[in-house]
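Report on the structure given below.
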Amino acid sequence: METIWYALLGLFFASYLVLGGYDYGVGLMLAHRWSPVDRRAALTAIGPFFLGNEVWLVAAVGILFGAFPMLEGELLASLYPAVALALAGVVVVTAAVQLRSRPATAAARTRWDRVIVAGSSLAALGWGAVLGGLLQGVPLRADGHVADVGHLFTPFAAACALSLVALVAVHGAAFLAMRLPEGASGQIARLGRRLVPIALAAVGAATIMGLLSNRVRQAMQQPTVAVLMPVFLVTALLVAGGALTRRRPGIAFTATTLAMAAPVPLVAAITWPYALVSTVDPAVGLTVADAAASQPTLRLLSWLVMPLLPALLGFQLMSWWVFRGRIDGRTPVYW
Amino acid sequence: MDPLLLARLQFATTTSIHFLFVLVTLGLVTLLVYLQTAWAVTNKPVYERLTRFWGTLYLINYTLGIATGIVMEFQFGLNWSGLSRYVGNVFGAPLAIETLVAFFLESTFLGMWIFGWHRLPRGVHLALLYGVAVTAYASAFWVLVANSWLQNPVGYETRDGVAHLTDFSALLTNPTFGMALGHVVSAALLTGGMVMAAVGSWHLIRRTRDYDLHRKSLRIGLVTAALAVSVVQGFGFAQFGAVAPVQPTKYGDDAARTAAIADWTARFGPGDYTPPALANVGLGFMILIGFALGCVWLLFPLLFRDWIIRLRFPLYLMLLALPLPFVASILGWLAREVGRQPWAAYGLLKVDDAVTPMSGGVMLTSFIGFSLLLGTLAVTNWIMIARRAARGAEDLTLGRPLPDPDDTPDARPEPVLA
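As structure tokens, then:
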């Protein structure tokens, strides 16, 4: 039962990285020198999906709290600065995107766009640092608490943070290449293609930092799986870059989707059977079984939530289906 | 600085800001359901414009509801890891259900409602709004189940110092839950009605051309506020009888209070088990405001022949009374939450044991950072709502008719008075 809920937790968080990821990617794209019309078109492209994308994060943390209460407290508290950074970014983006077009003046809207860029960067940096923090382990003591938060600030965590920003940018560009009208789509595809080498460099740097770091090497429980991470990301980025060159944005978006989703199951597999690895005393790490809620809680959640999962997914699919295709002059505009 | 005090201050600040937006969300969504249904049934253009106008204000407000709500959710793990560890098996379940079932669907539906205007069939579009409303109430339901469990832990057993769930139905029949839910929901309806009446009043004072629309706002808002205030008062007083037996240090008599404190001293050691006086001060002023708002019934007869508009002064009254339900709600929550100190889970887990053992520096940075962030966003949001409300219903983006495919790129402006 714990394994099923752990898989669900991973599924929801991975979905958030994919869906929220392209929201932040489009947000980063607003930093490009664009006219107000083009910027509004980019926000219209994410329009109907924006609210429905961030719910995956809220639901993932809900599953974390309900099904893995021990993990929730220790994970969030031990990675406090990274989580707080990501949280600030998420809050800023959600407010800025929704409020951006409410003022009537172009100057105010441009100021809000800068806020969107800042928030998107913070969110991507924060979640990248969280993933890096999971891979490098935390100083978990025998009493289950973490002494301080300074352990988080390592070159490896910073490299992971920057990698996620780069990945998110390519992902957002691929999404816009799919959704913007044919004319504008070519320009954004070229921008996305130019970002791919940067993302490759970032992923490479993170891999090298990880190999050089004693702490990361010791925290790995399944080193063979760890090899898959950079291999998968590099392959996906190369496929995306090639597809963007060949004007196949659908394939590019599929590749970047897999690149955004893959880190979650891979991190979970690398640290398995631990959910949170301890750098102080390996035996004291928090295993998935220990972190899970007790059986009555898991049974209750299973009975109440599992039957509704098809409905949750169904309504999300409905929104993707109804608003499919490229935006045009008849697309409702609100953000 | 003391990390516990900082964690408590942060929770109080962020929850209060969050709730100010939740009130309007719950209240306005109900009124929006009424407006869009009225439009669907009567097909009168004024109801469509009312839906678009109030929908716009609702959406601006909803933004901060989400933003503050996400901070709330993370705050449990960040600042209160002891809560997760010792009572998470029970407390976490209703919160998980809320995020997965209620909020997940609410935002999904809302996104489709905003962008599906004129693209989806009218029945589907209306059904989406109903979905938003139902899931919003479901959110309130499950969050209150969780909070009520902290007020009065039931349906659990303790093994090795950790609480485990034994009977979920006990959480739903918790005496601190039922009346509180009625109280919170009617408070939200009261607030929504007051907001609607205040905005309508403002435009009627300014003699905006859009007379019919703002007159309807005033009337719908006033009637809602009047009905809701009586329900709020009813559920409010009903809570004393339900809560006093299970929270003796909050509303119990001296004998029950002394007995409870003696019992806790024996089990948990000596300490201060009496809540601060702030809780009762909050309660007193909240009740005073409740009675003041009850006077909205006196304006009821003035609805006849629009005397409420012709006399002018009732419009100013409705406008000036707008902050009152907000102030009362915060005072009410202070009474409920401060009244259960020093317990995080009443009689089970003290706040000292619930807080994350983190340095004061980290807590202070977090407190200042999130308070500034949410406070700034909140003030910006209120200014935005005020400005948008003041601009009136003339040029709305929400639900703007889609341009004809044959039209030139510059679409015709839509008529103001429909």
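Those protein sequence lines, which keep their order, are chains A and B.
Residue 220 in my numbering sits at position 212 of the first sequence; the count goes up by one each step and never skips.
Residue 1572 in my numbering sits at position 155 of the second sequence; the count goes up by one each step and never skips.
Think of the CB as a built atom: it goes at the ideal place given N, C-alpha and C, for glycine as much as any other residue.
In terms of alpha-carbon separation, which member of B:GLY1653, B:ILE1747, B:ALA1752 and B:GLY1707 lies closest to LEU1695 (chain B)? For this step, residue 1695 (chain B) is matched to residue 278 along the second sequence. Among B:GLY1653, B:ILE1747, B:ALA1752 and B:GLY1707, the Cα nearest to that of LEU1695 (chain B) belongs to B:ALA1752.
Do we get a CB-CB distance below 7 Å when we pair VAL296 (chain A) with the residues of chain B? Indexing the first sequence from 1 puts residue 296 (chain A) at position 288. No, its Cβ sits nowhere closer than 7 Å to a Cβ of chain B.
Could you tell me the distance, in whole angstroms, from the CA atom of ALA213 (chain A) to the CA atom of LEU170 (chain A)? Position 205 of the first sequence, counted from the start, is the residue given in the question as residue 213 (chain A). Position 162 of the first sequence, counted from the start, is the residue given in the question as residue 170 (chain A). Whole-angstrom Cα-Cα distance: 10 Å.
If we ignore side chains and look at the alpha-carbon of each, how far apart do VAL1551 (chain B) and ASN222 (chain A) end up? Translated into the one-based positions of the second sequence, residue 1551 (chain B) becomes position 134. Translated into the one-based positions of the first sequence, residue 222 (chain A) becomes position 214. One C-alpha to the other measures close to 52 Å.
For the stretch 1543-1611 of chain B, list the alpha helix (DSSP H) runs that are entirely contained and at least 4 residues long, ordered along the chain. 1585-1589
Could you tell me the distance, in whole angstroms, from the CA atom of LEU175 (chain A) to the CA atom of MET1801 (chain B)? Residue mapping note: residue 175 (chain A) aligns to position 167 of the first sequence, counting from 1. Residue mapping note: residue 1801 (chain B) aligns to position 384 of the second sequence, counting from 1. In a straight line, the C-alpha of LEU175 (chain A) is about 34 Å away from that of MET1801 (chain B).
Can you find a CB in chain B that lies within less than 7 Å of the CB of HIS179 (chain A)? Position 171 of the first sequence, counted from the start, is the residue given in the question as residue 179 (chain A). Not closer than 7 Å to any Cβ of chain B, the Cβ of HIS179 (chain A) fails to qualify, so no.
What residues of chain B sit near PRO304 (chain A), judged by a beta carbon separation below 7 Å? To locate residue 304 (chain A), count along the first sequence from 1; it is residue 296. What PRO304 (chain A) touches in chain B: HIS1581, LEU1582 and THR1583.
Tell me where the beta strand (DSSP E) around LEU284 (chain A) begins and ends. Taking the first sequence and counting its residues from 1, the one referred to as residue 284 (chain A) is at position 276. Where LEU284 (chain A) is concerned, the enclosing beta strand (DSSP E) stretches over 282-284.
Assuming GLU80 (chain A) contacts GLY1494 (chain B) (C-beta within less than 8 Å), just tell me the rounded distance between them. Along the first sequence, one-based indexing puts residue 80 (chain A) at 72. Along the second sequence, one-based indexing puts residue 1494 (chain B) at 77. Contact flag correct, Cβ pair sits at about 4 Å.
Residue span of the beta strand (DSSP E) that contains ALA1761 (chain B), given as start and end: The residue labelled residue 1761 (chain B) in the question sits at position 344 within the second sequence. That run of the beta strand (DSSP E) goes 1760-1762.
Quick one: which residues of the stretch 1745-1760 of chain B get their C-beta closer than 7 Å to a C-beta of chain A? List them in chain order. none
Quick one: what's got a C-beta closer than 6 Å to LEU1423 (chain B)'s C-beta in the same chain, skipping five residues either side? Within the second sequence, residue 1423 (chain B) is the residue found at index 6, counting from 1. Once the five neighbours on either side are set aside, the close Cβ partners of LEU1423 (chain B) are MET1780, LEU1781 and PHE1784.
Using a cut-off of 7 Å between C-beta atoms, extract the partners of ALA214 (chain A) located in chain B. As a position in the first sequence, residue 214 (chain A) is number 206, starting the count at 1. Under the 7 Å cutoff, chain B gives no residues; its nearest Cβ is about 25 Å from ALA214 (chain A).
Neighbour list for SER327 (chain A) in chain B, Cβ cutoff strictly below 7 Å: Position 319 of the first sequence, counted from the start, is the residue given in the question as residue 327 (chain A). Residues of chain B passing the Cβ test: THR1525, GLY1528 and MET1529.
Is it buried or exposed, ALA1828 (chain B), if we count other Cβ atoms within 10 angstroms and call 16 or more buried? Here residue 1828 (chain B) refers to the residue found at position 411 when the second sequence is read from its first residue. Caution is warranted here: a pLDDT of 47 is assigned to ALA1828 (chain B), below 50, making its placement in the model unreliable, and no coordinate value can be reported.
Quick one, which of B:SER1603, B:LEU1517 and B:VAL1649 has its alpha-carbon nearest LEU1705 (chain B)'s? In the second sequence, residue 1705 (chain B) corresponds to position 288, counting from 1. It is B:VAL1649 whose Cα lies nearest to the Cα of LEU1705 (chain B).
Is the shortest distance between the beta-carbon of ARG1727 (chain B) and the beta-carbons of chain A less than 7 Å? Residue 1727 (chain B) sits at position 310 when you count from the first residue of the second sequence. False, the Cβ-Cβ gap to chain A never drops below 7 Å.
DSSP bridge partner residues for THR295 (chain A) (one or two, in chain order): As a first step, residue 295 (chain A) must be located in the first sequence, where it is residue number 287. Partner(s): A:TYR282.
Taking only beta carbons into account, state which residues of the stretch 308-325 of chain A come closer than 9 Å to chain B, listed in chain order. LEU308, LEU309, LEU312, VAL313, LEU316, LEU317, ALA319, LEU320, PHE323 and GLN324
Taking CB distances under 7 Å as the criterion, tell me whether GLU10 (chain A) reaches chain B. One-based indexing of the first sequence puts residue 10 (chain A) at position 2. With 7 Å as the cut-off, GLU10 (chain A) does not count as an interface residue toward chain B.
Check distances from the C-beta atoms of the stretch 1756-1789 of chain B to those of chain A and list, in chain order, the residues that come in under 9 Å. THR1773, PRO1774, MET1775, SER1776, VAL1779, THR1782, SER1783, GLY1786 and PHE1787
Range covered by the alpha helix (DSSP H) that runs through MET314 (chain A): By one-based count along the first sequence, residue 314 (chain A) stands at place 306. Here MET314 (chain A) belongs to no alpha helix (DSSP H), and DSSP marks it neither H nor E.
Considering only C-alpha positions, which residue in the set A:LEU317, A:VAL288 and A:ALA234 is nearest to ALA276 (chain A)? Along the first sequence, read from residue 1 onward, the residue named residue 276 (chain A) stands at position 268. Ranking A:LEU317, A:VAL288 and A:ALA234 by Cα distance to ALA276 (chain A) puts A:ALA234 first.
Which residues share a DSSP beta bridge with VAL154 (chain A)? Walking along the first sequence from the start, residue 154 (chain A) turns up at place 146. BP columns for VAL154 (chain A) point to A:LEU148.
Tell me the rounded alpha-carbon separation between LEU1639 (chain B) and TYR1464 (chain B). What you label residue 1639 (chain B) is simply residue 222 of the second sequence in a count that begins at 1. What you label residue 1464 (chain B) is simply residue 47 of the second sequence in a count that begins at 1. Taking the straight line from one Cα to the other gives about 17 Å.
Buried or exposed by the 16-neighbour rule on C-beta atoms within 10 Å, applied to GLN226 (chain A): Stepping through the first sequence from its first residue, residue 226 (chain A) is reached at position 218. Result: exposed.
Please say whether TRP1534 (chain B) and GLY1816 (chain B) have beta carbons closer to each other than 7 Å? As a position in the second sequence, residue 1816 (chain B) is number 399, starting the count at 1. As a position in the second sequence, residue 1534 (chain B) is number 117, starting the count at 1. Going by C-beta atoms, GLY1816 (chain B) is nearer than 7 Å to TRP1534 (chain B).
Length at least 4, wholly inside the stretch 218-277 of chain A: the alpha helix (DSSP H) runs in chain order: 222-227, 231-253 and 257-269
Determine the chain B residues that contact SER109 (chain A) at a beta-carbon separation under 8 Å, and present them in chain order. Stepping through the first sequence from its first residue, residue 109 (chain A) is reached at position 101. Simply THR1814.
Which runs of the alpha helix (DSSP H) at least 4 residues long sit entirely within the stretch 1658-1732 of chain B? Give them in chain order. 1665-1668, 1671-1685, 1695-1711 and 1724-1727
Any 3 or more C-beta pairs closer than 8 Å across the stretch 1615-1634 of chain B and the stretch 1682-1701 of chain B: no
Would you call the stretch 109-120 of chain A and the stretch 181-200 of chain A touching, i.e. three or more CB-CB distances under 8 Å? no
Near HIS159 (chain A), what residues of its chain come up, given a Cβ to Cβ distance below 6 Å and the 5 sequence neighbours on each side ignored? Counting from one through the first sequence, the residue named residue 159 (chain A) turns up at place 151. Correct list, in chain order: PRO147.
Residues of chain A with a CB under 7 Å from the CB of ASN1506 (chain B): which are they? Looking up residue 1506 (chain B) in the second sequence gives position 89. Those within 7 Å of ASN1506 (chain B) in chain A are PRO77, ALA301, SER302 and THR305.
Report, in whole angstroms, the separation of the C-beta atoms of GLY33 (chain A) and PHE161 (chain A), which I expect to be a contact under 8 Å. Here residue 33 (chain A) refers to the residue found at position 25 when the first sequence is read from its first residue. Here residue 161 (chain A) refers to the residue found at position 153 when the first sequence is read from its first residue. Not confirmed; about 26 Å, so no contact.
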